[in-house]
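Student: Residue 57 in our numbering sits at position 59 of the sequence shown, with consecutive numbering throughout.
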Amino acid sequence: MKKFAIIAVAVVFAFVMAGNVFADEEALKKECVAKCEAAAKLVKEKGLDAAKAEISKKDGPFVSANTYVYLQKMDGTMEAHPMNAALIGKNMAAVKDVNGKEFFKEFINIAKGAGSGWVDYMWPKPGEEKPSQKNSYVLKVDDNCFVGAGYYK
């Protein structure tokens, strides 16, 4: 009987923890979508140059503990990136993750197609070299550019 009680408690604990992880991931997804919508609005209202400057600020409104927004042209050129300024001006379209996935091309295809969507891929966390699993939301701003924001799993 004692063994059954221990197993029952473990099962309940596992379900509770799974529910918390799911809730946390849903909150992260909502944060990514909200930040992308705000960044797209900024581009439309203030123009590309003003938006690039604001999005590129490490301590700006488009960076939080869990996510950050980046801005790209439809050809794959990185226009703004608050966590890695070395990427700005580089065409990322042909970049692959460690599994060979051309995720930047997927970003472009989503932006040009459906206009918004999610992509899973491997990318290093800020300050790290080893890639981690990441899920990014992409949102078309106009025919020239899109924004994205992701979170690490």
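By construction, the Cβ of each residue, glycine as well, lies at the ideal position given by its N, Cα and C atoms.
Counting along the chain, where does the alpha helix (DSSP H) carrying A48 start and finish?
Tutor: Unbroken alpha helix (DSSP H) run through A48: L46 to I53.
Student: Since A92 contacts I86 with CB under 8 Å, what's their CB separation in whole angstroms?
Tutor: Rounded, the Cβ-Cβ distance is 17 Å, inconsistent with contact.
Student: Where does the unbroken beta strand (DSSP E) through E127 begin, and where does it stop?
Tutor: Neither: E127 is in no beta strand (DSSP E) and is coded neither H nor E.
Student: Within 10 angstroms of its Cβ, does K44 collect 16 or more other Cβ (buried), or is it exposed?
Tutor: Classification of K44: exposed, given that the 10 Å Cβ count is below 16.
Student: Tell me the DSSP bridge mates of P122?
Tutor: In the DSSP output, where bridge partners are listed per residue, P122 has P129.
Student: With a CB to CB cut of under 6 Å and the five nearest residues on each side skipped, what residues in its chain are close to I108?
Tutor: Cβ within range, chain order: G115 and V136.
Student: Is the CB-CB distance between V96 and M120 below 7 Å?
Tutor: Taking 7 Å as the Cβ cut-off, V96 and M120 qualify as a contacting pair.
Student: Quick one: is E126 buried, meaning 16 or more other Cβ sit within 10 Å of its Cβ, or exposed?
Tutor: By the 10 Å Cβ count, E126 comes out exposed.
Student: For the alpha helix (DSSP H) holding K103, just list the boundary residues, first then last.
Tutor: Run containing K103: F101 to K110, per the alpha helix (DSSP H) assignment.
Student: With distances taken Cα to Cα, identify the nearest neighbour of F101 among K28, K50 and G148.
Tutor: Checked all of K28, K50 and G148; the closest Cα to F101 is G148.
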